[in-house]
Structures are given as C-alpha cells and as structure tokens.
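Down below is the structure, laid out as structure tokens.
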Amino acid sequence: MSDSSVARELPILIGRKGDAAETLLLIGVPDDAGIVHVRGWSAEDWGAPPGNRAERAASLLEWLEKQAAIGRSLNQSLYAVRLWLRGEGSGPR
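Its first residue numbered 17, the sequence shown is counted upward by one per residue in the working numbering.
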C-alpha cells in the first residue's frame, strides 16, 4: 500500500445530544509530540469554514470518551479512535 492510499485524517461524526449539535471532526495523524490537527464543523452551520486547531491527542481522546459516556454517538468505535490518537491506527474501522 502506498502512502497516498493511507488515510491522513480520521473522520468522526459526533451525534447530537441535548443542546450539543451534531459535529464532524477530521483528525490528523498525531505528530511525534502527540499533537493532532483537527478540523471541525457543526450542524448549526455545515456551510461555514471549518474551525482549525491543534491539541494534544490525549486530551482529545479524553474529551471524545466523555462525549460517548454521556450518550453522544460516534461513527467510529472508541477502539479505533484510541488507536488513531495513539498513532497505532491507519484508518477508520
């Protein structure tokens, strides 16, 4: 498999819950320092430019696990998300 065929972002669709709108995140591969680049959109305005940020992969994983724990759905398994954010995964499962 060539590098160009390997996913470079993990798409995560987080379901709506209460006042929290459905959210789409595209999460880059963690760098050597454990930082990931995240692009995100909200169902409040899918047409808006994505929000861009860089954050620690461990912090993002903790937040995503909390979202799942409060009942928000994720289109990826937490297992796949953990592998991705630890730099062990190559794509969605």
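Beta carbons: idealized from backbone N, C-alpha and C, even for Gly.
Legend entry - Chain-order list of residues whose beta-carbon lies under 7 Å from that of ARG69 (same chain, five-residue window excluded): In the same chain as ARG69, and ignoring 5 residues on each side of it, the C-beta atoms closer than 7 Å to its own belong to VAL54, in chain order.
Legend entry - As assigned by DSSP and simplified to three states, the class of VAL97: VAL97 carries a helical assignment under DSSP once its states are collapsed to helix, strand and coil.
Legend entry - Opposing strand residues paired with TRP57 [DSSP bridges]: The partner list for TRP57 (beta bridge, DSSP) reads LEU40.
Legend entry - Cα-Cα separation, VAL52 to GLU78: Rounded to whole angstroms, VAL52 to GLU78 spans 14 Å at the Cα level.
Legend entry - DSSP three-state assignment for ALA70, whether helix, strand or coil: Residue state, collapsed to three classes: strand.
Legend entry - 6 Å CB neighbourhood of ALA59 in its chain, flanking five on each side removed: Taking ALA59 as the centre and dropping the five residues before and after it, the same chain places the C-beta of ALA37, GLU38 closer than 6 Å to its C-beta, in chain order.
Inset, instruction - Sort out for me which residues DSSP pairs VAL52 with in a bridge. - result: VAL52 has GLU71 as its beta-bridge partners, per DSSP.
Legend entry - Three-way DSSP call (helix, strand, coil) for GLU25 in this model: Note: GLU25 maps to strand in three-state DSSP.
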